[in-house]
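Worksheet: one structure, shown below.
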Amino acid sequence: MIDIDAITVRFGGLVALNEVSATLSAPVAGIIGPNGAGKTTLMNVVSGFITAHSGRVMVEGQDFLALAPHRRAQKGLRRSFQKEQIADDLTVLENVLVQTDWSLTGWSAKRAEAMDMLAVVGLADRADKIGGALSGFERRLTDVARCMVGKPHLIMFDEPAGGLSVDETRQLGDLIVQIHTLTGAQTVIIDHDVELISRICAETLVLDFGRRIAFGPTADVLADPRVKAAYLGTEEVAQ
Amino acid sequence: MDRSLLRITPSGAAGLIFAAASFVFLPMVLGSYWLAIFTSAAIFAMAISGVAFMYARLGMVSLTQVGLMGIGGWVTLRLNYLWDMPFEVNMVLAALATMICGWILALPALRMRGLYLALVTLMAAGGLEILFATYQFPNGGEGFWGVKIGSNAPFRRPALAQTPEAYLRYVIVVATLGFLFIEGQRRLFPGRAWALIRRSEAAAMAAGVNVTLYKTWAFGIAGAIAGASGALLAGSLGLLDDGTFRSSESIMLFALAVVGGARFWLGAVIAAVLFRVLPGLLNTWGVDTDLAFVIFGAGLLHALITAPNGIAGQIFDLVANLRGKKGKTHD
Ligand SMILES: Nc1ncnc2c1ncn2[C@@H]1O[C@H](COP(=O)(O)OP(=O)(O)OP(=O)(O)O)[C@@H](O)[C@H]1O
Ligand SMILES: [Mg+2]
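This is the structure:
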């Protein structure tokens, strides 16, 4: 469970997040909102890359805002970035192993876990392929596998389906819904693809101009007239 | 254990063969003038591997390497005149002391990036230059600085390497171990952390990598390598001169590491040959050795414009093409 309590973030005069609160408890939860709504900023606050002006974030009952980013990762937080972050000169397996290198678990156990997760995402046969030779989708899947190792509590994906085809997005969605059963971790996913969100997320938080405009079961939220006005409205403008 | 730790790549095999051939043949064919030059070149190849590694793996520009070699040399000479320990013990202690200096250098340097990092390391090199010029290197005198006027007290060379020929072989072995140590680090968890840090520090942190720790570790490794090569330099002559450790030499060493190709063992060898053998060659031809600087400059322009992986990168690409392999080089 992730408990976001009155988070405010300012960049100079811009209020990127304005007292945003939400308690996300579904195995897969979504965050949606138009461009610039503050979705990535919220993820950056939780993962420690941006310091909130005020507010609190608790993950599984632990206060996270006091920890350095790498300590949060060691405490079970995972995140991906809008652009996948795969090192080109490491193999797929090495890109996953990085995530658990800090832990004192035995080498063979860590390797076995990494191979298991690569099998889950369907990359077991390409474990020794060098990062630079991967396709966009393979890179994204490697990123997902990396997020799944090391007994995570909370995994956050920032627009994981960006740049993927309809088919690949479907595969990725199927993968994400399995994460909770496979690892026990809760997943939070930011995406513009409302179809993907409504298919895999039980609950959804909607942000607009740094404010929470709706939060609850995804179907209810998507039916909310304010969400339609704010989110779907700009969606039309964007297209 | 990591299974890939002991994997031998074509480039690695070539390097080991090159080292073995140099070990066997160089001392057989070289006269005393060239023995001294090649010994120095092998020592600097090892020092260059330290800066090259920091640049290739983390994009960090260190302009203190020769200054750190001076620290290693100073510690070695000091210990030599202080106690009766064998050269090897002194060399290891010098490497450790220099590693700690590398960490101290990392403290301010890690808050900086790019040009600012380079400037901080250059300032450190300048400070060391002044220290060495002021206090000189120990030669058997009294007191902490151990300097006396007149002839030097005897220096204990390694028991295994009493002749110049044997010393060149000794240096080649130690330098090879240095290269293997760095390569081993690269293949294990530090290498994975460095690769991700270079990709993006944020991604590394998100993967639980302690970025400061691993950058500091890199400084420590480059420092230890510099310290050991400083010890070897002290061992080759039995004395050191502060003129060897000017900050300009550190800049030159870094520039040549880029010219040679920072990602490859061959790059460090090429850089060391340019740094030490080329001036020696010009000298025997009766040409002004300052011509070497012109050649270095041309080499640097060449590297910046056409060869981001340096001369070594071009050579390995060429070999790969000749063997009909497509794609880019991996070291
Ligand atoms: N580091 C920063 N410095 C200054 N302003 C920032 C910074 N990061 C984000 N912002 C601003 O904060 C607002 C929210 O940005 P954020 O990236 O969180 O939006 P988002 O909801 O993720 O949008 P998108 O869908 O385009 O990814 C934007 O106006 C953005 O310009
Ligand atoms: Mg965003």
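Protein sequences appear in the order of chains A and B. Start counting at 1 in the first sequence, then tack on 12, and there's your number in the numbering used here. Start counting at 1 in the second sequence, then tack on 6, and there's your number in the numbering used here. Even glycine gets a Cβ: it sits at the ideal position worked out from N, Cα and C.
In this structure, does DSSP put residue i in helix, strand or coil?
i: residue 215 of chain B; result: coil
i: residue 235 of chain A; result: helix
i: residue 258 of chain B; result: helix
i: residue 98 of chain A; result: coil
i: residue 68 of chain B; result: coil
i: residue 162 of chain B; result: coil
i: residue 19 of chain A; result: strand
i: residue 271 of chain B; result: helix
i: residue 124 of chain B; result: helix
i: residue 217 of chain A; result: strand
i: residue 174 of chain A; result: coil
i: residue 33 of chain A; result: strand
i: residue 341 of chain B; result: Given that chain B is displayed from residue 7 to residue 337, the structure contains no residue 341 of chain B and the question cannot be resolved.
i: residue 229 of chain A; result: strand
i: residue 205 of chain A; result: coil
i: residue 43 of chain A; result: strand
i: residue 200 of chain A; result: strand
i: residue 115 of chain B; result: helix
i: residue 46 of chain B; result: helix
i: residue 321 of chain B; result: helix
Roughly how many whole angstroms lie between the Cα atoms of residue i and residue j?
i: residue 72 of chain A; j: residue 55 of chain A; result: 16 Å
i: residue 46 of chain B; j: residue 113 of chain A; result: 38 Å
i: residue 42 of chain A; j: residue 119 of chain A; result: 35 Å
i: residue 177 of chain A; j: residue 208 of chain A; result: 12 Å
i: residue 62 of chain B; j: residue 96 of chain A; result: 22 Å
i: residue 210 of chain A; j: residue 230 of chain A; result: 6 Å
i: residue 170 of chain B; j: residue 142 of chain A; result: 44 Å
i: residue 318 of chain B; j: residue 266 of chain B; result: 6 Å
i: residue 98 of chain A; j: residue 155 of chain A; result: 7 Å
i: residue 104 of chain A; j: residue 198 of chain B; result: 11 Å
i: residue 22 of chain B; j: residue 187 of chain B; result: 13 Å
i: residue 316 of chain B; j: residue 84 of chain B; result: 38 Å
i: residue 71 of chain B; j: residue 25 of chain A; result: 45 Å
i: residue 181 of chain A; j: residue 173 of chain A; result: 6 Å
i: residue 280 of chain B; j: residue 134 of chain A; result: 49 Å
i: residue 222 of chain B; j: residue 321 of chain B; result: 32 Å
i: residue 55 of chain B; j: residue 27 of chain B; result: 20 Å
i: residue 185 of chain B; j: residue 29 of chain B; result: 15 Å
i: residue 32 of chain A; j: residue 132 of chain A; result: 35 Å
i: residue 248 of chain A; j: residue 206 of chain A; result: Unreliable positioning characterises residue 248 of chain A in this predicted model, as indicated by a pLDDT of 47, which lies under 50. The coordinate reading is nonetheless provided below. Spanning the two alpha carbons is a distance of roughly 13 Å.
i: residue 224 of chain B; j: residue 218 of chain A; result: 44 Å
i: residue 329 of chain B; j: residue 314 of chain B; result: 22 Å
i: residue 289 of chain B; j: residue 77 of chain B; result: 29 Å
i: residue 309 of chain B; j: residue 323 of chain B; result: 14 Å
i: residue 291 of chain B; j: residue 98 of chain B; result: 39 Å
i: residue 172 of chain B; j: residue 89 of chain A; result: 56 Å
i: residue 199 of chain A; j: residue 58 of chain B; result: 41 Å
Run the proximity test for residue i: is its beta-carbon closer than 7 Å to any non-hydrogen atom belonging to ligand 2?
i: residue 247 of chain B; result: no
i: residue 170 of chain A; result: yes
i: residue 86 of chain A; result: no
i: residue 94 of chain A; result: yes
Below 7 Å, is the gap between the Cβ of residue i and the nearest heavy atom of ligand 1?
i: residue 51 of chain A; result: yes
i: residue 99 of chain A; result: no
i: residue 23 of chain A; result: yes
i: residue 208 of chain A; result: no
i: residue 48 of chain A; result: yes
i: residue 10 of chain A; result: Because chain A is modelled from 13 through 251, residue 10 of chain A falls outside the range shown and cannot be assessed.
i: residue 58 of chain B; result: no
i: residue 28 of chain A; result: yes
i: residue 45 of chain A; result: yes
Please list the partners that residue i has in chain B, where partner means a Cβ-to-Cβ separation under 9 Å.
i: residue 133 of chain A; result: Those within 9 Å of residue 133 of chain A in chain B number zero; the least Cβ separation is about 16 Å.
i: residue 85 of chain A; result: 211, 212, 213, 214, 215
i: residue 59 of chain A; result: 208, 211, 212
Going along chain B, which residues have a C-beta under 8 Å from residue i?
i: residue 158 of chain A; result: 213
Between the Cα of residue i and those of the options, spot the shortest distance and give me the residue it belongs to.
i: residue 49 of chain B; options: B:250, B:320, B:180; result: B:180
i: residue 117 of chain A; options: A:129, A:79, A:68, A:161; result: A:161
i: residue 201 of chain A; options: A:133, A:193, A:52, A:30; result: A:52
i: residue 111 of chain B; options: B:151, B:74, B:289; result: B:74
i: residue 257 of chain B; options: B:288, B:306, B:39, B:204; result: B:306
So with CB distances below 7 Å, who are the chain A contacts of residue i?
i: residue 206 of chain B; result: 97
i: residue 201 of chain B; result: 99, 101, 102
Going along chain A, which residues have a C-beta under 9 Å from residue i?
i: residue 195 of chain B; result: 109, 110, 113, 114
i: residue 198 of chain B; result: 99, 102, 106, 107, 109, 110, 113
Nearer than 7 Å: is that true of the beta carbon of residue i relative to any heavy atom of ligand 3?
i: residue 235 of chain B; result: This structure does not include ligand 3; its bound ligands are ligand 1 and ligand 2.
Which residues in chain B have a C-beta closer than 7 Å to the C-beta of residue i? List them in chain order.
i: residue 204 of chain A; result: In chain order: nothing, as chain B lies at least about 22 Å away.
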